[in-house]
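Asker:
Numbering (the working numbering), first residue to last: 90 to 248.
As structure tokens, then:
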């Protein structure tokens, strides 16, 4: 029975991540459906493992603390997310995708911790941010003639 429950958690985390990734992939972003699904699945897996391992240890102690696992998931995903951030001429690209990867891990962690409603609600909020809010941002840029993103001038010789 426990294997079936864990399998359900992992599949739900994968599906929620994939939902976010569909939108990103449709827009041609560097991380798409498979990436988001894997990020969410992996975070859920490590969260489940941390919780299950606690049963064998018996209690949180200096020898075993699942909070360390959770903290390391967040840090590890930060490294993955940093890989999609690129500087091109006077713009930094990929920040929204990186933030999406980071939050997809949080969604996976919430599902792994059996906080299903939080995972689902967060997924819906992220999709809203990426889709309707993205359209609103482009509308404002077109309507008022300015960019909502910032540019910078690269310094020469470390100035």
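C-beta atoms are modelled at their ideal positions from N, C-alpha and C, and glycine is treated no differently. Computed from a prediction, not measured in an experiment: that's the story for all the values here.
#1: Since residue 174 contacts residue 193 with CB under 8 Å, what's their CB separation in whole angstroms?
#2: So, at 7 Å on beta carbons, what are the nonlocal neighbours of residue 220 in its own chain, with the 5 sequence-adjacent residues on each side left out?
#3: Tell me which residue opens and which closes the beta strand (DSSP E) that residue 181 is part of.
#4: Would the C-beta of residue 187 count as close to the ligand MG, meaning under 8 Å from any of its heavy atoms?
#5: Am I right that residue 110 and residue 120 are in contact with their C-beta atoms under 8 Å? What's the rounded C-beta distance?
#6: Straight-line CA distance for residue 213 to residue 126?
#7: Could you tell me which of 167, 205, 235, 197 sits nearest to residue 107, measuring between CA atoms?
#8: Provide the residue span of the alpha helix (DSSP H) that contains residue 98, from first to last.
#9: Can you give, in chain order, each stretch of the beta strand (DSSP E) that sits fully within the segment 157-223 and has at least 3 residues?
Answerer: Let me spell this out:
#1: Working through the chain shown from its first residue, we reach residue 174 at position 85. Working through the chain shown from its first residue, we reach residue 193 at position 104. The pair is not a contact, with the Cβ atoms about 16 Å apart (cut-off 8 Å).
#2: Taking the first residue of the chain shown as position 1, residue 220 is located at position 131. The answer, listed in chain order, is 112.
#3: Locating residue 181 in the chain shown gives position 92, counting from the first residue. Counting along the chain, the beta strand (DSSP E) containing residue 181 begins and ends at 180-182.
#4: Although the ligand MG was asked about, the structure shown includes no ligands whatsoever.
#5: Here the question's residue 110 lines up with position 21 in the chain shown. Here the question's residue 120 lines up with position 31 in the chain shown. Yes, residue 110 and residue 120 are in contact; Cβ-Cβ is about 7 Å, under 8 Å.
#6: Taking the first residue of the chain shown as 1, we reach residue 213 at position 124. Taking the first residue of the chain shown as 1, we reach residue 126 at position 37. Cα to Cα, the separation comes out at about 15 Å.
#7: If you number the chain shown from 1, residue 107 lands on position 18. Nearest of 167, 205, 235, 197 to residue 107, Cα basis: 197.
#8: Counted from its first residue, the chain shown places residue 98 at position 9. 91-115 is the extent of the alpha helix (DSSP H) around residue 98.
#9: 175-177, 180-182
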